[in-house]
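Asks: Let me begin by handing over the structure; questions about it come next.
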Amino acid sequence: MQQQQLATFRAIQQIVPAAQLQRQYQVVLNGIALDLSQTSTMELARIRSLPEVAAVYPDQPHELHLSSSNDLIRATELWSDPVIGGVENAGEGIKIAIIDSGIMLDNPFFNPTGYSYPEGYPRGESAFTTPKVIVARTYTRPAAPPLPGNETPLPGPDDSSHGTHVAGIAAGNANTTATIAGLNLPISGVAPRAYLMNYKTFYANESPFSGSAFSIELIAALEDAVLDGADVINNSWGGRSFERPETNPIAQAAEAAADAGVIVVFSAGNLGPDVSTAGSPAYSDKVISVGAATKGEAVAAGFVDVVQPGGVPAELQGRPFGVAAFGPTVTAPVGPAPYLPAVVLDGNGLGCEPFPAGAMAGQIALLERGACTFSIKVYNAQQAGALAAIVFNSEAGGETLLTMAAGDLADQVV
Numbered sequence: 042m043q044q045q046q047l048a049t050f051r052a053i054q055q056i057v058p059a060a061q062l063q064r065q066y067q068v069v070l071n072g073i074a075l076d077l078s079q080t081s082t083m084e085l086a087r088i089r090s091l092p093e094v095a096a097v098y099p100d101q102p103h104e105l106h107l108s109s110s111n112d113l114i115r116a117t118e119l120w121s122d123p124v125i126g127g128v129e130n131a132g133e134g135i136k137i138a139i140i141d142s143g144i145m146l147d148n149p150f151f152n153p154t155g156y157s158y159p160e161g162y163p164r165g166e167s168a169f170t171t172p173k174v175i176v177a178r179t180y181t182r183p184a185a186p187p188l189p190g191n192e193t194p195l196p197g198p199d200d201s202s203h204g205t206h207v208a209g210i211a212a213g214n215a216n217t218t219a220t221i222a223g224l225n226l227p228i229s230g231v232a233p234r235a236y237l238m239n240y241k242t243f244y245a246n247e248s249p250f251s252g253s254a255f256s257i258e259l260i261a262a263l264e265d266a267v268l269d270g271a272d273v274i275n276n277s278w279g280g281r282s283f284e285r286p287e288t289n290p291i292a293q294a295a296e297a298a299a300d301a302g303v304i305v306v307f308s309a310g311n312l313g314p315d316v317s318t319a320g321s322p323a324y325s326d327k328v329i330s331v332g333a334a335t336k337g338e339a340v341a342a343g344f345v346d347v348v349q350p351g352g353v354p355a356e357l358q359g360r361p362f363g364v365a366a367f368g369p370t371v372t373a374p375v376g377p378a379p380y381l382p383a384v385v386l387d388g389n390g391l392g393c394e395p396f397p398a399g400a401m402a403g404q405i406a407l408l409e410r411g412a413c414t415f416s417i418k419v420y421n422a423q424q425a426g427a428l429a430a431i432v433f434n435s436e437a438g439g440e441t442l443l444t445m446a447a448g449d450l451a452d453q454v455v
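In this note's numbering, each residue carries its 1-based index in the sequence shown increased by 41.
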């Protein structure tokens, strides 16, 4: 096959002498990548007419995507399955390829303690591997070299942390401690005991497409991941939504990887629920396309854990919330503290009139939306000794988050 491809390249050079061979693909695609930037429309038509040429595709840019949560995809339920044996064993021995912007090896989520290289590894740039991240490869474009310091499989100072984030979601070590707003919380990837394989294709450069990756490099990464023995190939990126799989070489490469027995996963994109918003190549029938029907809307430095009384009803878990446009910024944990529905004190829960002095001392006030400004409600709770106030929306269609704008007494909320 390689010799046939070289013969095809020589035939193309007869038409375009300046053509340059960039890559050859023989596993997920029978094709070659050429620099034909100086080619005329007539010359391109002649290339298409060659008997050994099935199709000609442009090199397209692709953008990074991300949206994920263990709870939303119900990974925590799977961990309890006896076959898996708990979060500490989830993903044992599985090799997950991450085609993205690189993986930061010194992140605690990828601590290699307790791992050993499987037979035949490491592969690629072994200096940038560990017994947890067992493959490291970099893909760059000659016309757009990486900025200084961004050349390795690790994310450089100008690169995105997207790849590290995605790798952590997929296979971050179980019960790794993360500090958020002063709280030490345990976090875990979906398959904590899986190996990671790092294929850096998105990198910072001086071109207008800095941070994007092009078809040539992405297909090469897909091919290498198959050759490297990946069980799963994760692709949290995508391109245009109006292409068909049969006219998209990346979709064809992904389908070939799936035919080889690899589970291939693509992001459906971040363009919303409307028609034609799933990007390429997520629309292929042979890949798993992942999109979010809902999301947690959690703000990293301001969140609420409700743990009492008893079990929290499922319909009250994972609800979206916003933060008021007035009052102090929450920079440290508030509580734990009991919550007090205002209806217990004022009969309607609105909080528009002052509460008895000290009636909310040491508690978190629950206030219903309506009848007066948000800041009046919060001020009245504050004057009654409340530690904090939560305003909830009881109206029909109340899923839409509101802007809790400043109003009367807003400057007195402390």
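Every residue, glycine too, gets a C-beta built ideally from N, C-alpha and C. Note that the structure is predicted; figures quoted are calculated from it, not measured.
#1: Do F250 and G279 have their beta-carbon atoms positioned less than 8 Å apart in this structure?
#2: Quick check: what's the CA-CA separation for K418 versus L381?
#3: For I257, which residues in the same chain have their Cβ closer than 7 Å to its Cβ, ignoring the five residues on either side in sequence?
#4: The alpha helix (DSSP H) spanning D141 covers which residue range?
#5: Under a Cβ-count criterion, where at least 16 other Cβ atoms within 10 Å of its own Cβ denotes burial, should V174 be classed as buried or exposed?
#6: Fully enclosed by the segment 174-209, which beta strand (DSSP E) runs are 3 residues long or longer?
#7: How is the beta strand (DSSP E) around K241 delimited, first residue to last?
#8: Here's the rule: buried if 16 or more other CB atoms are within 10 angstroms of the residue's CB, otherwise exposed. What is G127?
#9: Once the 5 residues before and after S325 are set aside, which same chain residues still bring their CB inside 7 Å of it?
#10: Determine the burial state of T179: buried for a count of at least 16 other Cβ atoms within 10 Å of its Cβ, exposed for fewer.
#11: Quickly, what does DSSP pair Q61 with across the bridge? List them, please.
#12: Quick one: residues in its chain with C-beta nearer than 7 Å to the C-beta of D265, no 5 flanking neighbours on either side, listed in chain order?
#13: When you compare only the Cα positions, how much space is there between A59 and Q46?
#14: What are the partner residues of E409, as DSSP defines its beta bridges?
#15: Helix, strand or coil: how does DSSP classify N225 here?
#16: Exposed or buried, which one is A341 when buried takes at least 16 other CB atoms within 10 Å?
#17: What number of angstroms, rounded off, separates the C-alpha of V305 from the C-alpha of V69?
#18: So which of R89, A425, P183, F151 has the shortest CA-CA distance to R394?
#19: When the distance is taken between beta carbons, is I274 closer than 8 Å to V303?
#20: With distances taken from CA atoms, which of L386, A301, L259, T218 is nearest N148?
#21: In angstroms, rounded to a whole number, what distance separates the CA positions of P196 and T414?
#22: Does the distance from the CB of K136 to the CB of A271 come in under 8 Å?
#23: Taking the alpha-carbon positions, what's the A235 to P290 distance?
#24: Let me confirm a value: P92 is counted as buried when at least 16 other C-beta atoms fall within 10 Å, else exposed. Which label applies?
#25: I believe G132 touches A212 by the beta-carbon criterion, under 8 Å. Please report the beta-carbon distance rounded to the nearest angstrom.
Replies: Answer, in terms of the structure:
#1: In the sequence shown, residue 279 corresponds to position 238, counting from 1. In the sequence shown, residue 250 corresponds to position 209, counting from 1. In this structure, F250 does not lie closer than 8 Å to G279 by Cβ.
#2: Along the sequence shown, one-based indexing puts residue 418 at 377. Along the sequence shown, one-based indexing puts residue 381 at 340. For K418 and L381, the distance between alpha carbons rounds to 14 Å.
#3: Start at 1 with the first residue of the sequence shown, and residue 257 comes out as number 216. Taken in chain order, the residues that qualify are Q63, R64, A74, D100.
#4: Within the sequence shown, the letter at position 100 stands for residue 141. D141 -> not in any alpha helix (DSSP H); beta strand (DSSP E) instead, spanning 136-141.
#5: Here residue 174 refers to the residue found at position 133 when the sequence shown is read from its first residue. Per the 10 Å Cβ criterion, buried.
#6: 174-179
#7: The residue labelled residue 241 in the question sits at position 200 within the sequence shown. Taken as a continuous stretch (DSSP letters only), the beta strand (DSSP E) holding K241 covers 236-241.
#8: Mapped onto the sequence shown, residue 127 falls at position 86. With fewer than 16 other Cβ atoms within 10 Å, it is exposed.
#9: Here the question's residue 325 lines up with position 284 in the sequence shown. P286, A292, A295, E296.
#10: Walking along the sequence shown from the start, residue 179 turns up at place 138. T179 comes out buried.
#11: Here residue 61 refers to the residue found at position 20 when the sequence shown is read from its first residue. According to DSSP, which records beta bridges pairwise, Q61 is partnered with D76.
#12: Position 224 of the sequence shown, counting from 1, holds the residue named residue 265. Hits under 7 Å: R178, Y240.
#13: Against the sequence shown, residue 59 aligns to sequence position 18. Against the sequence shown, residue 46 aligns to sequence position 5. Distance between the alpha carbons of A59 and Q46: 17 Å.
#14: Counted from its first residue, the sequence shown places residue 409 at position 368. According to DSSP, E409 bridges with F433.
#15: By 1-based counting over the sequence shown, the position of residue 225 is 184. Reduced to three states, the DSSP call for N225 is strand.
#16: Here the question's residue 341 lines up with position 300 in the sequence shown. A caution first: A341 carries a pLDDT of 40, below 50, which makes its placement in the model unreliable, though a value can still be read off. Under this definition A341 is an exposed residue.
#17: Indexing the sequence shown from 1 puts residue 305 at position 264. Indexing the sequence shown from 1 puts residue 69 at position 28. Going from the Cα of V305 to the Cα of V69 covers about 12 Å.
#18: For this step, residue 394 is matched to residue 353 along the sequence shown. The question names Arg, but residue 394 in the sequence shown is Glu. Considering only alpha carbons, the answer is A425.
#19: To locate residue 303, count along the sequence shown from 1; it is residue 262. To locate residue 274, count along the sequence shown from 1; it is residue 233. It is a contact, given that the beta carbons lie within the stated cut-off.
#20: As a working mapping, residue 148 is identified with position 107 in the sequence shown. Of the candidates L386, A301, L259, T218, the one whose C-alpha sits nearest the C-alpha of N148 is T218.
#21: Position 155 of the sequence shown, counted from the start, is the residue given in the question as residue 196. Position 373 of the sequence shown, counted from the start, is the residue given in the question as residue 414. Distance between the alpha carbons of P196 and T414 is about 47 Å.
#22: By one-based count along the sequence shown, residue 136 stands at place 95. By one-based count along the sequence shown, residue 271 stands at place 230. Contact flag set, yes.
#23: Position 194 of the sequence shown, counted from the first residue, corresponds to residue 235. Position 249 of the sequence shown, counted from the first residue, corresponds to residue 290. Those two C-alpha atoms are separated by around 29 Å.
#24: For the purposes of this step, residue 92 is taken as the residue at position 51 of the sequence shown. Exposed is the call here.
#25: To locate residue 132, count along the sequence shown from 1; it is residue 91. To locate residue 212, count along the sequence shown from 1; it is residue 171. Contact holds; Cβ gap of about 6 Å.
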